[in-house]
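Right, one structure below, let's go through it.
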Amino acid sequence: MSIFDQPHIFIVFSAGSSGNFLAGTINSLLNGSQQGIDISSVGSSHTLSRNKSQGKDFLSFGTLFEEHQMFNSESAREAFYLDNIKKTYNELSSPEVVWTHDFTNIPLYQKHFKNSKILVITNQTANEKLQAVIMHSLKTFVDKNGITPVNDKLGAIALERWRTHCSNELAELFDYQVASKMVQDNLNEEYKDALTYGTIRMLLKFYGMLAQVEDVPARHCIFDHVFYIIKNSNPPFKLGPRLDSFITDDCITLPYSYLANNDCNLLSAKIATVLDKQLTSEDERYIKESFDNYRNAQHQLLLSDPVKFYTDLKNKVLTTSSI
């Protein structure tokens, strides 16, 4: 069967919204293996990495909005991935589970993979967005086991950009040389709380969400939008359409609140719809076990009260900086 005819499952979600956990779980169910999912010490789950760090996950049509800058046009981007899909895959005996953070890929999946299912994790509430930003902060540049889902070149650019902005945040609390030392030694456990706080605050500022956790003037929130990186520009990005403008009635949606609300029944129902099958008792047992293991690995305060999580972390770092 052609790669384009297989009933693939595409999972689309904003960074920090537990999509990697879902990809690993659904992939195990699809393959009938029901193997345990990988969960790191900070709750990250990247069982299904799909060679993203080598830049070879062509089925996804790209993972991040930032990757659009690699191409002269959207048609060139589409052609690049189609060409590499045809070169990489000849015939497939089974469908694949594919994930991305790029909502603009949804129309491409619908166009080229007519038999596929698309599962979208949505972040509609203020808490869902805040939890996703904090989760993302915990599981990237300060996580020793963190996986960068892009090639080395883009990963290096992202790391350098993070170091610049995070050190600027920390320089408000620490001497600038100390802040610079921290971001250069970002996997040092001694600096983890400060770097996590700096990363969260940096991202909340970028998304216009800082007013959710601090007494500052409210700004327009761009978490719900596509944004494109533009070189040598101020601001260094262009705001695109809303994420939900790419979600159609054909998509299966799962609110990110299922995790905080401990709603495994909702998760099971959505997985059954994606797999187009009635789950067996063994399937449901596996989903429940995987869900419990994943949820228990997260910061429980973050799930119940993300504002307090941020406030407690900030106070801890402020105490440290004043010593």
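If you read the sequence shown in the numbering used here, its first letter stands for residue 2, the second for the next number, and so on. Positions of the beta carbon are idealized from the N, C-alpha and C atoms, including for glycine.
Per DSSP, the continuous beta strand (DSSP E) segment holding Arg243 begins and ends at Phe238 to Arg243. Per DSSP, the beta-bridge partners of Val99 are Phe11. Of all alpha-carbon atoms in Leu268, Val308, Thr312 and Lys115, the one lying nearest the alpha-carbon of Ile4 is that of Lys115. When C-alpha distances from Ile122 are compared across Gly17, Pro242, Thr321 and Leu280, the shortest belongs to Gly17.
When the Cα atoms are used, Thr197 and Asp293 turn out to be separated by approximately 25 Å.
A direct Cα-Cα distance of roughly 11 Å separates Ser305 from Glu129. In this model, Gly25 and Ser322 are separated by some 40 Å (Cα to Cα). The beta-bridge partner set that DSSP reports for Thr123 consists of Pro256.
In summary, Met2 is exposed, with fewer than 16 beta-carbon neighbours lying within 10 Å of its beta-carbon over all protein chains present. When C-alpha distances from Glu191 are compared across Asn28, Leu60, Val318 and Phe14, the shortest belongs to Val318.
In the three-state reduction of the DSSP assignment, Phe72 falls in the coil class, being assigned neither a helical nor a strand state.
Ranked by Cα distance from Leu211, the first of Met71, Ile40 and Thr312 is Thr312. Along the length of the segment 138-174, whole beta strand (DSSP E) runs at least 3 residues long do not occur. With distances taken between CA atoms, Ala195 lies nearest to Ala180 out of Ser246, Phe59 and Ala180. Per DSSP, the unbroken beta strand (DSSP E) holding Phe228 starts and ends at His226 to Ile230. One Cα belongs to Met136, the other to Pro236, and the distance between them is close to 25 Å.
When secondary structure is reduced to three states using DSSP, Ser61 falls in the helix class. The DSSP-derived three-state label of Lys206 is helix.
Comparing C-alpha distances from Gly33 to each of Thr254, Gln299, Asn189 and Lys278 shows the shortest one belongs to Lys278.
By the neighbour-count criterion, in which 16 or more other beta carbons inside 10 Å mark a residue as buried, Val143 falls on the buried side. By the beta-carbon neighbour count (other beta carbons within 10 angstroms, threshold 16), Asp58 is buried. When secondary structure is reduced to three states using DSSP, Ser34 falls in the coil class, being assigned neither helix nor strand.
Taking the CA atoms as reference points, Leu160 sits about 44 Å from Ser282.
By the criterion of a C-beta distance shorter than 6 Å, Ser61 is surrounded in its chain by Val99 and Thr101, once the five residues flanking it on both sides are discounted.
Under the three-state reduction of DSSP output, Lys118 falls in the strand class.
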